[in-house]
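Asks:
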Amino acid sequence: MLGKLLKYMSVLMVSAVVAVGAAQADPIEVTSPVLRTTIGDSRVTSAYVVLRNKGAAQDRLLGVQTDIAKMAGIHSMTQKDGVMSMAPVEGGLELAPGAKVVLAPMGLHIMLMGLAEPVVSGQKVPMILIFEKAGEMPVTFTAAPLAQIRKAMKKATAGD
Ligand SMILES: [Cu+2]
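In the numbering used here, the protein residues as written are 6 to 165.
1) Using a threshold of 9 Å, state whether the C-beta atoms of residue 116 and residue 154 are closer than that.
2) Tell me the DSSP secondary structure of residue 28 in three-state form.
3) Compute the Euclidean distance between the alpha carbons of residue 48 and residue 62, then round it to the nearest angstrom.
4) Which partner residues does residue 98 have in the DSSP bridge list?
5) Could you spell out where the alpha helix (DSSP H) holding residue 111 opens and where it closes?
6) Assuming residue 35 and residue 132 are in contact, meaning their beta carbons sit under 8 Å apart, how far apart are those beta carbons, in whole angstroms?
7) Expressed to the nearest angstrom, what Euclidean distance is found between the alpha-carbon atoms of residue 119 and residue 51?
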């Protein structure tokens, strides 16, 4: 009986959260969603995107969902003693009001591991970006080779 009640209550709480999210106009602008094509037998790749928080409140990119990979997460890349290493961004990626956060090669990226299939150029990959306040946002990423992504990202971030 209690279990049933708790289940009902949690459903109510989820509906409330969804209602709040739907009431706001999308304060997070998502542009230039791309992912790298895989090389050879590699089953790992990275996806990049430009995020802009147009709202007045801080938000966070908490995670990413996709069917193409067993694991998707947000990674940062740092250089120490000339060696690049990457690590998960703990607690989500902060998006301050007005901030533009660029996920690009050699920096922040969406890490995709355990790909079921290789990623080929031009492939459209649906993903869901999960924000703390803005909620779930479906975004279609387009696959391209790294050199092409570098060029496109440079263009997308020019003038800042
Ligand atoms: Cu990574």
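C-beta atoms are modelled at their ideal positions from N, C-alpha and C, and glycine is treated no differently.
Replies: In brief:
1) Numbered from its first residue, the sequence shown carries residue 116 at position 111. Numbered from its first residue, the sequence shown carries residue 154 at position 149. Cβ atoms of residue 116 and residue 154: not closer than 9 Å.
2) The residue labelled residue 28 in the question sits at position 23 within the sequence shown. Legend: pLDDT at residue 28 = 48, less than 50; position of this residue unreliable, no value from coordinates given.
3) Here residue 48 is taken as the residue at index 43 of the sequence shown, counted from 1. Here residue 62 is taken as the residue at index 57 of the sequence shown, counted from 1. The straight-line gap from Cα to Cα measures roughly 37 Å.
4) For this step, residue 98 is matched to residue 93 along the sequence shown. Answer is 66.
5) If you number the sequence shown from 1, residue 111 lands on position 106. First-last for residue 111: undefined, no H or E at that position.
6) By one-based count along the sequence shown, residue 35 stands at place 30. By one-based count along the sequence shown, residue 132 stands at place 127. Going by Cβ atoms, the distance from residue 35 to residue 132 rounds to 10 Å, so no, they are not a contact pair.
7) Indexing the sequence shown from 1 puts residue 119 at position 114. Indexing the sequence shown from 1 puts residue 51 at position 46. Their Cα atoms are separated by approximately 12 Å.
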